[in-house]
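Participant: 26 is the number that my numbering gives to position 31 of the sequence shown; each next residue is one higher, with no gaps.
Backbone N, C-alpha and C fix where the C-beta goes; we use that ideal spot for every residue, glycine too.
Remember, it's a predicted structure, so these values are computed and weren't measured experimentally.
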Amino acid sequence: MSVKLDHHHRITAQKLFSHPLCHNIQWHDVCSLLGRFGEVHETHRGNWAVTVEGETVSFGSSRTRDLTEDQVVKVRHFLRNVGLSKEVLSAA
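1. Straight-line CA distance for Asn42 to Val52?
2. Taking only the alpha-carbon atoms, compute the straight-line gap between Val67 and His39 and give it to the nearest angstrom.
3. Under a three-way DSSP split, which group does Val25 fall into?
4. Return the chain-ordered list of same chain residues with a C-beta closer than 6 Å to the C-beta of Thr7, the five sequence neighbours on each side being excluded.
5. Buried or exposed for His4, going by 16 or more other Cβ atoms inside 10 Å?
6. Between the Cα of Gly33 and the Cα atoms of Leu74, Leu16, His2, Ser85, which residue gives the shortest distance?
7. If we count the other Cβ atoms within 10 Å of its Cβ and call it buried at 16 or more, is Val77 buried or exposed?
8. Please return the same chain residues whose Cβ sits closer than 6 Å to the Cβ of Lys10, not counting the five positions on each side in sequence.
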């Protein structure tokens, strides 16, 4: 998968994989990043469905604009499962 990321997407990727866990990652930034690699859409129930490399995951609707800790971890796991590790995203 050869996708070039702009500076904004790289910052979002760095936040997603930062240790300790970053608490100010906004949903629209994550959806924009994930949209570079696959499809992102909001379901009729307000959840976010993301499909990358044929793998789909659903993220519950958020009442805030920032991801919760659990959502950050879920995004990290999803990215790793589809081959988008911290190193891959840094090189993109």
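Facilitator: Based on what the coordinates show:
1. 10 Å
2. 22 Å
3. helix
4. Asp24, Leu28
5. buried
6. Leu74
7. buried
8. Cys17, Ile20
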